[in-house]
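Going letter by letter, the sequence shown gives residues 21 to 236 in this note's numbering.
Each residue gets a CB set at the ideal place from its N, CA and C atoms; glycine is no exception.
Keep in mind that this is a model prediction, so the values were computed, not measured.
Shown next, in structure tokens, is the structure this report addresses.
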Amino acid sequence: MKVLIIGAHGNTGRRVVRLLQEKGRHLPVAMIRSPEQKGVFDEMGVTTVLGDLEYPVDHAVRGCEAVIFAAGSGPKTGKDKTVLVDHIGAIRSMVAAAMNGARRYVMLSSYRADPGSGSSIRHYHRAKGLADRFLATQAEVMPESLDWTIIRPGGLTDEPGTGRVSVRPGDSDNKTSRENLAAALVTALDEPSTIGKIFELFDGETPLAEALRTLA
Ligand SMILES: NC(=O)c1ccc[n+]([C@@H]2O[C@H](COP(=O)([O-])OP(=O)(O)OC[C@H]3O[C@@H](n4cnc5c(N)ncnc54)[C@H](OP(=O)(O)O)[C@@H]3O)[C@@H](O)[C@H]2O)c1
């Protein structure tokens, strides 16, 4: 499959692209915002496409069978960008995927994502929760629907990936290494048990493939 990685130049996105490239089973297409980010991917032999979630991204999705969403407005931008990127931009990419022939959509969400969040960063948790809710219910409103998966990691770290995770809330200290997360986003693509599932993902003790295969 051709897999579009949205947010490909990000800390998690780059790991996702690298992993897809290493595994060789699917063909990554890196969606980037700036031509200056192209060199990293050229060196890896990975195709790039320019796209910004604040604008239509249909051209980027066209020709891809799957999407991995690894983008985010980040904590340094205003709350307007949380809405425009994490909420509306994410939904825009889901509609673009469904309407342009992609069937598979894997979303990097966040633990505590919730449309009714009262957390200290509720604008972010609400935006992620609303985007997740659209993805989980898009079949009710879209003429073409997606096989979706929503993965909700804890606080992201740059610790080496252990390949061992927990998908049970409360099993860990709510930390998730970006390497473990990238591996989960890539593994989920081909694991049918993850379709139609929302689950948390923390560093833990269960081998990743087993944890995803045996999701409740
Ligand atoms: N940090 C945490 O502890 C944590 C916990 C749970 C979930 N998460 C989620 O995980 C996501 C990924 O984390 P990360 O550390 O890999 O993030 P990151 O390094 O900040 O990467 C985010 C990527 O999103 C891209 N992006 C931002 N606005 C965009 C837009 N309008 N259109 C297209 N792409 C856009 C950025 O592009 P540029 O490279 O051009 O800036 C960047 O490549 C976060 O955004 C967050 O939603 C984070």
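Going by beta-carbon coordinates alone, are residue i and residue j separated by less than 7 Å?
i, j, result
"histidine 79", "glutamine 57", "no"
"isoleucine 52", "threonine 68", "yes"
"glycine 92", "aspartate 106", "yes"
"leucine 24", "cysteine 84", "yes"
"lysine 217", "leucine 228", "no"
"proline 189", "glutamate 225", "no"
"glutamate 164", "alanine 231", "no"
Pick from the options: whose alpha carbon is nearest that of residue i?
i, options, result
"valine 81", "Phe61, Arg45, Leu221 and Met21", "Met21"
"glutamate 199", "Arg184, Pro212 and Pro189", "Arg184"
"aspartate 167", "His46, Ala86 and Val161", "Ala86"
"asparagine 120", "Gly175, Thr214 and Val77", "Val77"
"glycine 27", "Gly44, Phe222, Phe61 and His46", "Phe61"
"alanine 90", "Gly175, Val161 and Asn31", "Asn31"
Hey, how far is the Cα of residue i from the Cα of residue j?
i, j, result
"glutamate 179", "leucine 201", "11 Å"
"valine 206", "glycine 138", "31 Å"
"alanine 203", "glutamate 63", "21 Å"
"valine 66", "glutamine 41", "8 Å"
"leucine 70", "valine 37", "15 Å"
"alanine 50", "glycine 33", "9 Å"
"isoleucine 141", "valine 187", "23 Å"
"glutamine 158", "isoleucine 111", "10 Å"
"leucine 104", "glutamate 74", "6 Å"
"threonine 102", "glycine 59", "28 Å"
In three-state terms, what does DSSP make of residue i?
i, result
"alanine 237", "The structure shown has nothing for residue 237, since the chain only spans 21 to 236."
"glycine 59", "helix"
"isoleucine 52", "strand"
"glutamate 179", "coil"
"aspartate 106", "helix"
"lysine 217", "strand"
"tyrosine 144", "helix"
"serine 93", "coil"
"valine 161", "coil"
So with Cβ pairs under 7 Å, would you call residue i a contact of chain D?
i, result
"valine 66", "The structure shown contains no chain D; it is built from a single protein chain."
Touching by the beta-carbon criterion (3+ pairs, under 8 Å), the region 183-196 and the region 141-151: no
Any contact between the region 125-142 and the region 161-172? By contact I mean 3 or more CB pairs, one from each, below 8 Å. yes
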